[in-house]
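K.L.:
Pasting a structure below so you can have a look.
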Amino acid sequence: MALLCVHLVRRSHFCGLSAHVSRNFQVHVNSSQVNLQRITNTVRFRTSPAKQPVLLLGNGRKMYFRFSPQSPCPLPCGRVCSHLIHTSAPRRALPAPLIWMVLKPLQKVMAIILGRSIRKWWVALPDNRRDLMREWAWQQRWRLAAGAGVTMVMIALLLLTHLDESPVTGRTRLLVFSREKYMELTALTSEAYVEQFAEVLLPVTDARHQVVERVVQHLVQRNKDIPEVSDVAWSVHVVETPNINAFVLPNGKVFMFTGMLDAVTDVHQLTVVLGHEMAHALLGHAAEQASLSHVVDLLSLILLTAIWAVCPRDSLAMLGQWAQGKLTQLMFNRPFSRKLEAEADEVGLQLAAKACADVRAGPVFWQQMEIRDQLKGEPAVPEWLSTHPSHRNRYSQLDRLIPQALELRDNCVCPPLPASDPRAVFSKSVHVLLENAKNQVKGVSDGTNKPLPHSPGTLPTAALLAQTVQPCSLNVEQESKVQVTDAASETAAAGPAPAPAEEDRSQHQVQCIA
Numbered sequence: 009m010a011l012l013c014v015h016l017v018r019r020s021h022f023c024g025l026s027a028h029v030s031r032n033f034q035v036h037v038n039s040s041q042v043n044l045q046r047i048t049n050t051v052r053f054r055t056s057p058a059k060q061p062v063l064l065l066g067n068g069r070k071m072y073f074r075f076s077p078q079s080p081c082p083l084p085c086g087r088v089c090s091h092l093i094h095t096s097a098p099r100r101a102l103p104a105p106l107i108w109m110v111l112k113p114l115q116k117v118m119a120i121i122l123g124r125s126i127r128k129w130w131v132a133l134p135d136n137r138r139d140l141m142r143e144w145a146w147q148q149r150w151r152l153a154a155g156a157g158v159t160m161v162m163i164a165l166l167l168l169t170h171l172d173e174s175p176v177t178g179r180t181r182l183l184v185f186s187r188e189k190y191m192e193l194t195a196l197t198s199e200a201y202v203e204q205f206a207e208v209l210l211p212v213t214d215a216r217h218q219v220v221e222r223v224v225q226h227l228v229q230r231n232k233d234i235p236e237v238s239d240v241a242w243s244v245h246v247v248e249t250p251n252i253n254a255f256v257l258p259n260g261k262v263f264m265f266t267g268m269l270d271a272v273t274d275v276h277q278l279t280v281v282l283g284h285e286m287a288h289a290l291l292g293h294a295a296e297q298a299s300l301s302h303v304v305d306l307l308s309l310i311l312l313t314a315i316w317a318v319c320p321r322d323s324l325a326m327l328g329q330w331a332q333g334k335l336t337q338l339m340f341n342r343p344f345s346r347k348l349e350a351e352a353d354e355v356g357l358q359l360a361a362k363a364c365a366d367v368r369a370g371p372v373f374w375q376q377m378e379i380r381d382q383l384k385g386e387p388a389v390p391e392w393l394s395t396h397p398s399h400r401n402r403y404s405q406l407d408r409l410i411p412q413a414l415e416l417r418d419n420c421v422c423p424p425l426p427a428s429d430p431r432a433v434f435s436k437s438v439h440v441l442l443e444n445a446k447n448q449v450k451g452v453s454d455g456t457n458k459p460l461p462h463s464p465g466t467l468p469t470a471a472l473l474a475q476t477v478q479p480c481s482l483n484v485e486q487e488s489k490v491q492v493t494d495a496a497s498e499t500a501a502a503g504p505a506p507a508p509a510e511e512d513r514s515q516h517q518v519q520c521i522a
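Under the working numbering, read the sequence shown as residues 9 to 522, first letter to last.
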């Protein structure tokens, strides 16, 4: 609530009164009513012809004060008695998305009850009444069709009024919930996440937290020309858990899991990953996905009501409801989620390019993730059943976007990249790994067993810390170069880390990322 600036005019005799703010839209002074006037962003008192104080309000908002006699004021008349003003606490409505989330199950229950009631009513009708109803519906078929058409046109017009242009990409999208309304729900969500991870959050003095903090702030600084980036207060929370995950809420809360820090091999991959997650936030994908889900759920309520009205038994109706839910997910929710992930990959790569990262490391990360899943024996889920694109499709898409990202990076006056391409280094590393595996199989058959090198993409977190633990200054190029070289030499068998050109790479890394 805005600060109320109260001024007392000399000889106004107001010192013996106290004031209480209410919303009754009247002003009473000693049981005598006076007029209310509005001015700019201040609240003050002036003396009326009857020597009674009159309240002047600002911002066009009408607020009324009720005065009651109190003990004599210790201050002389004409002094400011602002301590006599008491305001009631503001009341905030629940965010619209939160209300929708609460009412969503209730809407389905109401649709089921309505459909089941229609079915029972139809079954209870005599045969002659059913024939009359069918005959009436056939006679009124054109009017009913016209009514349905008008309803669909009204729904389409309503949806057209909620179209919005996506930042950065300029894509037209549907937003039922505005960004401001969704920010209120995001604030509640972020508080819940902080409370959930309270016991496993790393302190800000931890080196891993400082790494993520430094990369995030560098991304924000290099992309401050985007209003959705510069207008948000970004903060970092690192969660100590082996899960390979990271996400960013629309209000700028970054949650990074230590499992993700173990999965990336260098700071360039970390920049691409954080750029992807920040792209979700600045593009407003959460509000967009909630809007589509809201519209689809409302339209599916009609189908759900029809299922329970047409099916002769509750068991068949439940089966039809289950099929309808699965079809909705496969046809709308999951494809749309994959589309948003692909868009975040593209925009995130642009953010990383403007931050002078080696964007060629982006496809390598997803190749590493694919090999990691294969080595762990995790079952491959078909892409059409997942909310995310497959690892192979993701690195293929990023590989196609690399030329455009490199051009954007050059336009941002970034230092030149090393001649060694991380993608080529990774391919050679995988080839060496496969050759070593074949040699081990031959060694087993010959009786000479050789140890299998580590799987690619498993550079320790210490190597990542060594790349960014030094201050972000060009004066520490040589120190950073030595640290990265030592870390890479310890994990040369890992493969995906660009060990052959790591010295040249670390020099540009300090300039572009640190």
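Idealized CB from N, CA, C, for every residue including glycine.
#1: At which residues does the beta strand (DSSP E) containing Ala254 begin and terminate?
#2: Under DSSP, the alpha helix (DSSP H) around Ser404 begins and ends at which residues?
#3: What three-state label does DSSP hand His170 in the structure shown?
#4: Out of Val176, Gln375, Arg342, Thr169, point me to the one whose CA is closest to Ala432's CA.
#5: Taking 7 Å as the threshold (C-beta atoms), are His284 and Ala352 in contact?
#6: How is the alpha helix (DSSP H) around Lys334 delimited, first residue to last?
#7: Do Ala413 and Thr279 count as a contact pair if the criterion is CB distance below 7 Å?
#8: How many Å lie between Val240 and Val303 at the Cα?
#9: Which of the three DSSP states, helix, strand or coil, is assigned to Phe263?
#10: Just to confirm my understanding: we take Ser299, look at its own chain, exclude 5 residues before and 5 after, and list those with CB closer than 7 Å. What are they?
#11: In this structure, how does DSSP classify Thr180 when only helix, strand and coil are distinguished?
#12: Got a sec, what are the start and stop residues for the beta strand (DSSP E) Val244 sits in?
#13: Pair every Cβ in the segment 308 to 321 with every Cβ in the segment 122 to 134, then say whether three or more of these pairs are closer than 8 Å.
#14: In three-state DSSP terms, what is Leu278?
#15: Using only the alpha-carbon positions, how far apart do Glu386 and Val440 sit?
#16: So Val344 is in the alpha helix (DSSP H); what residue range does that whole segment cover?
#17: Should Pro258 go down as buried or exposed, given a rule of 16 or more other Cβ atoms within 10 Å for buried?
#18: Within the chosen definition, does the segment 262 to 273 reach the segment 387 to 406 through at least 3 CB pairs nearer than 8 Å?
#19: Within 10 angstroms of the Cβ of Leu274, are there 16 or more other Cβ atoms? Answer buried if so, exposed if not.
#20: Within 10 angstroms of its Cβ, does Cys3 collect 16 or more other Cβ (buried), or is it exposed?
#21: Would you be able to state if there are at least three C-beta pairs under 8 Å between the segment 237 to 257 and the segment 188 to 204?
#22: Based on Cα-Cα distance, which residue from Asp322, Asp407, His288 lies nearest to Pro430?
#23: Between the alpha carbons of His276 and Pro211, how many angstroms are there, rounded?
#24: Suppose you measure from the CA of Leu306 to the CA of Val389; what does that come to, to the nearest Å?
#25: When you compare each of Ala427, Lys189, Ile310, His245 to Ala215 by their alpha carbons, which one comes out closest?
#26: Leu309 to Trp146, Cα distance in whole Å?
#27: According to the neighbour-count rule (16 or more other Cβ atoms, all chains shown, within 10 Å of its Cβ), is Val208 buried or exposed?
#28: Taking the Cβ atom as the reference point for each residue, do Leu167 and Thr180 lie within a distance shorter than 7 Å?
#29: Per DSSP, what are the beta-bridge partners of Leu209 in this structure?
#30: Can you name, in chain order, every residue of its own chain whose Cβ lies under 6 Å from the Cβ of Val262, other than the five neighbours on each side?
#31: Relative to the C-alpha of Ala206, which candidate in Thr177, Thr249, Lys446 has its C-alpha closest?
#32: Any idea what DSSP makes of Gln218, helix, strand or coil?
#33: Out of curiosity, what's the CA-to-CA distance linking Gly356 and Thr313?
#34: Does Leu327 pass the burial test, meaning 16 or more other C-beta atoms within 10 Å, or should it be called exposed?
#35: With distances taken between CB atoms, is the gap from Arg368 to Ile410 smaller than 7 Å?
#36: In chain order, what residues of the same chain have a beta carbon less than 6 Å from the beta carbon of Leu122, not counting five sequence neighbours either side?
P.N.:
This is what the structure gives:
#1: Numbered from its first residue, the sequence shown carries residue 254 at position 246. Where Ala254 is concerned, the enclosing beta strand (DSSP E) stretches over 254 to 256.
#2: Locating residue 404 in the sequence shown gives position 396, counting from the first residue. That run of the alpha helix (DSSP H) goes 399 to 419.
#3: Taking the first residue of the sequence shown as 1, we reach residue 170 at position 162. If DSSP states are grouped into helix, strand and coil, His170 belongs with coil.
#4: Along the sequence shown, read from residue 1 onward, the residue named residue 432 stands at position 424. Of Val176, Gln375, Arg342, Thr169, the residue nearest in Cα terms is Gln375.
#5: As a first step, residue 352 is located in the sequence shown; it is residue number 344 there, counting from the start. As a first step, residue 284 is located in the sequence shown; it is residue number 276 there, counting from the start. Contact flag set, yes.
#6: Within the sequence shown, residue 334 is the residue found at index 326, counting from 1. Per DSSP, Lys334 belongs to the alpha helix (DSSP H) from 322 to 336.
#7: For the purposes of this step, residue 279 is taken as the residue at position 271 of the sequence shown. For the purposes of this step, residue 413 is taken as the residue at position 405 of the sequence shown. It is not a contact, given that the beta carbons lie outside the stated cut-off.
#8: Reading the sequence shown from its first residue, position 232 is the one you call residue 240. Reading the sequence shown from its first residue, position 295 is the one you call residue 303. Rounded to the nearest angstrom, the two C-alpha atoms are 28 Å apart.
#9: To locate residue 263, count along the sequence shown from 1; it is residue 255. Correct three-state label for Phe263: strand.
#10: What you label residue 299 is simply residue 291 of the sequence shown in a count that begins at 1. Excluding sequence neighbours, Ser299 sits near Leu182, Leu183, Val184, Phe185.
#11: Looking up residue 180 in the sequence shown gives position 172. Thr180: strand per DSSP, three-state reduction.
#12: For the purposes of this step, residue 244 is taken as the residue at position 236 of the sequence shown. Note, Val244: beta strand (DSSP E), 243 to 247.
#13: yes
#14: Mapped onto the sequence shown, residue 278 falls at position 270. Of the three classes helix, strand and coil, the one that applies to Leu278 here is helix, per DSSP.
#15: By one-based count along the sequence shown, residue 386 stands at place 378. By one-based count along the sequence shown, residue 440 stands at place 432. If you take the alpha carbons of Glu386 and Val440, they lie about 23 Å apart.
#16: By 1-based counting over the sequence shown, the position of residue 344 is 336. Reading off the sequence, residue 344 comes out as Phe, not Val. Phe344 -> alpha helix (DSSP H) spans 342 to 362.
#17: To locate residue 258, count along the sequence shown from 1; it is residue 250. Classification for Pro258: buried.
#18: no
#19: The residue labelled residue 274 in the question sits at position 266 within the sequence shown. Inspection of the sequence shows that residue 274 is occupied by Asp rather than by Leu. Burial call: buried.
#20: Residue numbering for the chain in the displayed model covers 9 to 522; residue 3 lies beyond these limits and cannot be assessed.
#21: yes
#22: Taking the first residue of the sequence shown as 1, we reach residue 430 at position 422. It is Asp407 whose Cα lies nearest to the Cα of Pro430.
#23: Residue 276 sits at position 268 when you count from the first residue of the sequence shown. Residue 211 sits at position 203 when you count from the first residue of the sequence shown. In a straight line, the C-alpha of His276 is about 24 Å away from that of Pro211.
#24: As a working mapping, residue 306 is identified with position 298 in the sequence shown. As a working mapping, residue 389 is identified with position 381 in the sequence shown. Rounded to the nearest angstrom, the two C-alpha atoms are 30 Å apart.
#25: Here residue 215 refers to the residue found at position 207 when the sequence shown is read from its first residue. Answer by Cα proximity: His245.
#26: On the sequence shown, position 301 is the one that residue 309 refers to. On the sequence shown, position 138 is the one that residue 146 refers to. Taking the straight line joining both Cα atoms gives about 25 Å.
#27: Sequence index remark: in the sequence shown, residue 208 carries index 200 (1-based). Val208 is exposed by the Cβ-count criterion.
#28: The residue given as residue 167 occupies position 159 in the sequence shown. The residue given as residue 180 occupies position 172 in the sequence shown. Going by C-beta atoms, Leu167 is not nearer than 7 Å to Thr180.
#29: The sequence position of residue 209 within the sequence shown is 201, counting from 1. Val247, per the DSSP bridge assignment.
#30: Here residue 262 corresponds to residue number 254 of the sequence shown, with the count starting at 1. Once the five neighbours on either side are set aside, the close Cβ partners of Val262 are Val224, Val244, Val256.
#31: Counting from one through the sequence shown, the residue named residue 206 turns up at place 198. Considering only alpha carbons, the answer is Thr249.
#32: Residue mapping note: residue 218 aligns to position 210 of the sequence shown, counting from 1. Of the three classes helix, strand and coil, the one that applies to Gln218 here is helix, per DSSP.
#33: Along the sequence shown, one-based indexing puts residue 356 at 348. Along the sequence shown, one-based indexing puts residue 313 at 305. Taking the straight line joining both Cα atoms gives about 42 Å.
#34: Your numbering for residue 327 matches position 319 in the sequence shown. Exposed, since its Cβ has fewer than 16 Cβ neighbours within 10 Å.
#35: Locating residue 368 in the sequence shown gives position 360, where the first residue counts as 1. Locating residue 410 in the sequence shown gives position 402, where the first residue counts as 1. Contact flag set, yes.
#36: As a working mapping, residue 122 is identified with position 114 in the sequence shown. Here the set comprises Thr313.
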